[in-house]
C-alpha cells in the first residue's frame, strides 16, 4: 500500500518557495491588514480527559522526588544532586508536551488574517501562536471540502482548503455550508486579486524549470557571489582553527609554568565540554528562535546528566589518585587555578561560533534536531582520546613528556573534528 506524503513534508521540499513561518503574538492591524476571522476548534472531550490523566500521572515523580539539596557535602553529593536535577529537566519535557497539547485542545483557535497580497493562517492561544504567511500569487482553488479527501485534514470535518503551489492547505473545522460561503465571499471580496482555479501559467513554467520566482531574481552575478562567499568561509575556518590550536596550547603552558597535572588537564577539558554545550544551545536558538527553547530544556536535561556522571568518572580516576579530596572548597580551588585555560577555550569556541556558524551562515544548513545531537560525536571522540591518553600519562615516568603527548593527541583530534564539522 502506497502511503500519501503529508502536506508538511511536501512544503519542506519547496525550499525558498515555502510559506514564511513565524512564532509570536499576532501582529496589530495596519494598513496592509484587511480582514481577520477567528475560527474556533471543535473540542474533543475524550482526548482532553485522556491527556489530563496522563499529565497528572507524569507530574507525580517530580513532586515526590527528593533532590537532596540539604545533603551536599562534597563533589559526589553535588554531582548526584545535579544528575537528579538534570534528569528532572529531561522528564519535564514530557510534562510540557502534555500540558501544551492540553492547552491546545482546550483553548486553541485558528485565525485567518487577510492582507492585500497574502493569506496568513495562525493557530494561537490567547493571541500567541504559530503562523504561516502564504503569498496570494502561489494560491489557487479555494474550496469547501466535505468528503474528507484532503490528507491529514479528516479530523477537521467540513472545512476550507486552498492549494499552495499544488499542496493543499486546510483551515476551519466543522463549518456549515452557510458559514463556508460567507467566509469564501469575505476572502474573495477583500483580496487585491481573486484566487484563481489554477496557478498563473508563468509561475507554473518557472516552477517546472526550478527557476527563481520573479521577486526572487537578483541582479548580482551568482557565480561571483558564490566564489566570494567560499573564500570568506575558508578564511574564517582557518582563523577558527588557529584559535583552537592556541587554546589547546594554553594547558601545555600551564603544565610547564604552573605545574598543572593530569587531574587539572582532565578537569579543564571536562569544562570545555560544558562550553561546547552552552554554545550548542545558542546555535539551536539561532536556527529556530523561540521554538528552540523547548528543545534547549530537553538538551540541558540529557547533556547535563551526561556531564554530571562524566565529572564523577574523571574525578575518581584522575583527581583523587593525586591525593586531592572531593570537598567542594578544594574542587573550587582547582577551578580557580584553571581560569586562563577556561578563558582561552571560551574565546576559541566563541570565535568559531561567530565566524563559522553566524558569518558563514551554517545555521541555514542544519535542522534543530540535528544540531541538538551534534555535540555528542565530537565530545565522545575527544574524551575517549583523553581517557586513553590519561592512562598513558599515569603509566609513563616523564610527566612533561606524557602530558605533552596527551595535549598533542587532543589537538589532532580537535582539528579533525573541527574541519569535519565546518566542511562545506
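In this note's numbering, the protein residues as written are 4 to 427. From the three backbone atoms N, C-alpha and C, an ideal C-beta is built for every residue, glycine too.
- The shortest C-alpha to C-alpha distance from residue 242 to any of 319, 375, 351 and 291 is the one to 351.
- By the Cβ test, the stretch 187-196 is not in contact with the stretch 43-54, since fewer than three Cβ pairs between them sit closer than 8 Å.
- By the Cβ neighbour-count rule, residue 272 is buried, with 16 or more other Cβ atoms within 10 Å of its own.
- With contacts defined by Cβ atoms closer than 8 Å, residue 268 and residue 254 form a contacting pair.
- The continuous beta strand (DSSP E) containing residue 138 extends over residues 131-138.
- If you look at residue 144, you'll find it in the beta strand (DSSP E) that goes 142-148.
- DSSP, read as helix, strand or coil, puts residue 165 in strand.
- Annotation: residue 118 to residue 194 spans about 7 Å, alpha carbon to alpha carbon.
- Under the criterion of beta carbons closer than 8 Å, residue 70 and residue 87 qualify as touching, at roughly 5 Å.
- Residue pairing by DSSP places residue 42 opposite 113 in a beta bridge.
- Counting along the chain, residue 180 sits inside the alpha helix (DSSP H) bounded by residues 180-193.
- According to the DSSP assignment, residue 25 belongs to the beta strand (DSSP E) that extends over 23-28.
- Classified as exposed, residue 426 has fewer than 16 neighbouring CB atoms from the shown chains inside 10 Å of its CB.
- When DSSP states are grouped into helix, strand and coil, residue 64 belongs to the helix group.
- With fewer than 16 other beta carbons inside 10 angstroms of its own, residue 169 counts as exposed.
- Non-local C-beta neighbours of residue 75 in its own chain, meaning closer than 8 Å and more than five positions away in sequence, comprise 81, 84 and 331, ordered along the chain.
- Rounded to whole angstroms, residue 296 and residue 57 show a C-alpha spacing of 23 Å.
- Between the stretch 22-30 and the stretch 120-139, the count of Cβ pairs shorter than 8 Å is three or higher; the stretches touch.
- Inside the stretch 306-365, DSSP marks whole alpha helix (DSSP H) runs of 4 or more residues at positions 331-340 and 342-355, from first to last along the chain.
- Here residue 310 is buried. Its C-beta has 16 or more other C-beta atoms within 10 Å.
- In terms of CA proximity to residue 165, 124 leads the group 182, 124 and 180.
- Here DSSP, grouped into helix, strand and coil, assigns residue 254 to helix.
- In this structure residue 378 is in contact with residue 283, their Cβ atoms being roughly 5 Å apart against a cut-off of 8 Å.
- Per DSSP, reduced to three states, the secondary structure at residue 31 is coil, with no helix or strand assignment.
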